[in-house]
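Quick notes on the structure that follows.
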Amino acid sequence: MKGIEEKAEVARHVVVEAKEIAEGQKFIVPNYTVKQLLDVIPAHCFHRSGFRSSLYVLQDVAVLAACAYCALHMDSLLLNKLNISDVALTAVRVILWTGYTFAAGLFGTGLWVIGHECGHQAFSSSKTVNNVMGWILHSALLVPYHAWRISHGRHHAATGHLTRDEVFPKEEAEILGVNVSAMRQRELREAIEESPLATLIDVTMQQLLGFPAYLILNTSGQRHYSKGTSHFNPDSVIFKPQHKWQILASNLGVLLNLATLAFWAHKRSFAEVLVMYLIPYLWVNHWLVFITYLQHTDPHLPHYSANKWTFARGALCTIDRNFMGPIGPYVFHGICETHVAHHISSKIPHYNAWEATKALKTFLGPHYISSTENMFTSFWKSNRECIFVEEDEDIVFYKNYAGVAKFAPVEEDESSERRASVSDSGIEMIEPKERLC
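So for the sequence shown, numbering that gives the first Met the number 0 puts the first residue at 0; every next one is plus one.
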C-alpha cells in the first residue's frame with residue numbers, strides 16, 4: 000500500500016528525549032505529509048455521486064415528514080382511541096410531543112450534516128449543485144450557508160492551530176510542566192473558581208445558544224476578530240470583498256425561512272410553530288455544538304503554535320467517537336465516527352468515509368485517536384478537564400483546573416518534521432509566525 004515505506008522511514012527517526020515523562024504520558028508528535036495520508040485512502044473513496052447523496056436527503060426529509068404527520072394527527076391516530084383519564088391523556092400527549100421534537104432534531108441534524116458536505120463540495124462533482132442544495136438545506140435550518148461555509152473552511156485550513164483555528168479558541172495560562180504540586184493544584188482550583196455548578200451553567204448556555212451566538216456575535220469564535228464580526232455582515236473580517244453577494248444570498252435564505260415561519264404562525268398558531276419547528280431547531284443547535292466540541296476538545300488532542308503546526312498535524316487533531324449506537328452512523332451520517340478522515344480530505348462523501356477511516360486507522364496506528372466512551376460522559380469530562388493550555392509553548396495539551404495535563408509531547412527529529420511540512424502539492428504548510436498574527 001502506498002505510503003507504507005514513507006511511514007516506516009518516519010518511524011525510524013523517532014527520538015525520545017523526555018525520559019522524565021511517564022511512558023503513559025508521552026505523545027509522539029506525528030510527522031506525516033499530506034501526500035502520505037491521502038495515498039493511504041483508496042481512490043474510489045474520493046468519488047462523489049450527486050444521485051447517491053440525494054437519496055440521503057430524501058431519506059431524512061421523508062422521516063421528518065412522517066414524524067410531522069404523526070405529530071399533527073396524534074389525536075386521530077392514537078389518543079382518541081385511548082380510554083384513560085384526562086390527566087393521563089395530557090401526560091401521553093406531552094411524551095409524544097417530546098418524542099417528536101427529539102426525533103425531528105436528530106433528523107434535522109442529519110440534513111445539516113448533508114448541507115455541511117455541500118459546503119465542502121462533497122455532495123456531488125458539480126459546484127453549482129453543491130451550493131444550491133447546501134443553500135436550501137442550511138437556509139431551512141436558519142444557517143447562512145455561504146457565510147458558514149467560508150468560516151468553516153478556515154477552520155479546516157487551521158485545525159489544531161493555537162491562534163488560527165476558528166472554533167473554541169483556547170484559554171491560555173503560564174503553568175509549566177506536566178507535574179504540578181498538590182499545593183499548586185489547590186491554588187489553581189481556587190483561582191479559577193472551579194465548581195461543578197458553574198460548569199453546568201456554562202454548558203447549559205453553550206448548548207442552548209452557542210451556535211446562533213457564534214453566527215451572530217462570533218461567540219466562541221476567534222477573539223482577535225474585530226467587534227461586530229458576524230456571519231451576517233458582508234464586511235466582517237471573516238470574508239473577502241468578493242464574498243459580498245454570497246453573504247447577501249445566505250442572508251436572503253435565512254430571511255425567507257423566517258418569513259415562512261411568520262406566515263405559518265399567522266395562519267395556524269405560534270404554538271404549532273414552536274413545537275413543530277423551534278424546539279427541534281434548538282435540538283439541532285444543541286447537537287451541532289455538542290458534536291463540534293467533542294470532535295476537537297479532549298485531553299488526548301494536541302494543539303500547535305505557528306512554529307510546529309502543519310496541515311497534516313492539524314488534520315489529526317480530532318477524535319472519532321460513536322454517537323448513541325446506530326444514530327451516529329445512520330442519522331448523523333457518520334460525522335462523529337469518521338471525522339479524522341473528514342479533516343484529512345473534506346471532499347470525501349460520508350458514505351465513503353467509512354472505508355477511508357479503516358485505511359487511515361491501519362496506517363496511523365497510535366496517531367489515530369478515537370474513543371468508545373459514552374459521548375455524554377466525554378462531554379462532561381472534557382468540560383471539567385479541558386480548561387486552558389500553556390502559554391508560550393509550541394505543542395500543548397489541555398490542562399484541568401489543577402493545572403495538570405494528561406500528556407506531554409515528545410518530538411521526532413527535525414528532518415522528519417521538515418518532510419511533514421510539505422503537502423502533496425510541494426507547498427510548505429509551516430508559515431512564519433508574523434504572517435499568522
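Ideal Cβ placement from N, Cα and C applies to all residues, glycine included.
What are the boundary residues of the beta strand (DSSP E) that K25 is part of? K25 to I27
Inset, instruction - Compute the Euclidean distance between the alpha carbons of Y350 and I334, then round it to the nearest angstrom. - result: 10 Å
Just mark F362 as buried or exposed, buried being the case when its beta carbon has 16 or more other beta carbons within 10 Å. Buried, by the Cβ-count rule.
What does the Cβ neighbour count give for H46, buried or exposed, with the cut at 16 atoms within 10 Å? When all chains shown are included, H46 counts as exposed.
Subject >> Span of the beta strand (DSSP E), counted from its first residue to its last, around P301 >> reply: P301 to Y303
Inset, instruction - Mind checking who K405 pairs with in its DSSP beta bridge? - result: Partner(s): none; K405 has no beta bridge.
* **Residue nearest to G107 in terms of C-alpha spacing, selected from L293, K346 and I135** => I135
With 16 other Cβ atoms within 10 Å as the buried cut-off, status of D319: buried
Discussion item. Please identify the residue among L78, P301, L105 and I246 whose C-alpha is closest to the C-alpha of V93.
Written reply: L78
**Item:** Cα-Cα separation, Q245 to D59
**Value:** The straight-line gap separating the alpha-carbon atoms of Q245 and D59 is approximately 27 Å.
- Item | K80 - DSSP class collapsed to helix/strand/coil | helix
Query raised in the report: At a cut of 8 Å, does the segment 400–412 reach the segment 355–371 through at least three beta carbon pairs?
Result: no
| task | Within its chain, find whatever has a CB closer than 8 Å to the CB of R51; leave out the 5 residues flanking it on each side and keep chain order. | result | Answer for R51: P348 and Y350, listed in chain order.
**Request:** Assign A139 to one of two classes, buried (16 or more other C-beta atoms within 10 Å of its C-beta) or exposed (fewer than that).
**Result:** Buried: at least 16 other Cβ atoms inside 10 Å.
Worksheet item: According to the neighbour-count rule (16 or more other Cβ atoms, all chains shown, within 10 Å of its Cβ), is H43 buried or exposed?
Response: exposed
V86 versus V274 - alpha carbon distance
20 Å
Indicate whether the contact test is met: 3 or more Cβ pairs, each with one atom in the segment 103–118 and one in the segment 271–289, closer than 8 Å. yes
Per-residue DSSP class, three states only, for F322:
coil
Problem - contact_flag[the segment 288–302, the segment 379–395] where n(CB pairs < 8 Å) is 3 or more - result: yes
### Query
Do you know offhand how far L88's Cα is from L95's?
11 Å
Review point. In whole angstroms, what separates the C-alpha of K25 from that of T291?
Key: If you draw a straight line from the Cα of K25 to the Cα of T291, it is about 26 Å long.
field: Boundaries of the alpha helix (DSSP H) in which V283 is found, first to last residue
entry: I278 to H295
| Around the Cβ of F378, are there at least 16 other Cβ atoms within 10 angstroms (buried) or fewer (exposed)? | buried
**Prompt:** Which residues mark the beginning and the end of the beta strand (DSSP E) in which F238 is found?
**Reply:** Looking at the DSSP string, F238 is not in any beta strand (DSSP E), and its letter there is neither H nor E.
Less than 8 Å between the beta carbons of A305 and T97, yes or no? Not a contact, by the Cβ cut-off of 8 Å.
| message | Using CA atoms only, rank isn't needed, just tell me which of T337, F396 and V388 is closest to V112. | response | Nearest Cα to V112 within the set T337, F396 and V388: T337.
Taking the beta carbon of V339 as the centre, do at least 16 other beta carbons fall within 10 Å, making it buried, or is it exposed?
buried
Which residue marks the beginning of the beta strand (DSSP E) containing I334, and which one marks its end?
Run containing I334: none; DSSP gives neither H nor E here.
- Task: Kindly indicate the opening and closing residues of the alpha helix (DSSP H) around I246.
- Result: Here the alpha helix (DSSP H) through I246 covers K243 to K266.
Q.
Looking only at its chain, what residues have a beta carbon closer than 6 Å to the beta carbon of I368, apart from the 5 residues adjacent to it on each side?
A. H299 and I318
**Report entry** Of the listed residues G133, V272 and H145, nearest to H242 (C-alpha basis)
**Finding:** H145
Within 10 angstroms of the Cβ of G133, are there 16 or more other Cβ atoms? Answer buried if so, exposed if not.
-> buried
| Assigned secondary structure, V142 (DSSP; H/G/I helix, E/B strand, else coil) | coil
message = For a test of the three-state rule: what should DSSP assign to I368, helix, strand or coil?
response = It is coil, neither helix nor strand.
Secondary structure of H160, DSSP reduced to three states:
In the structure shown, the three-state DSSP call for H160 is strand.
message: When you compare the CB positions of G49 and V131, do they come within less than 8 Å of one another, or not?
response: no
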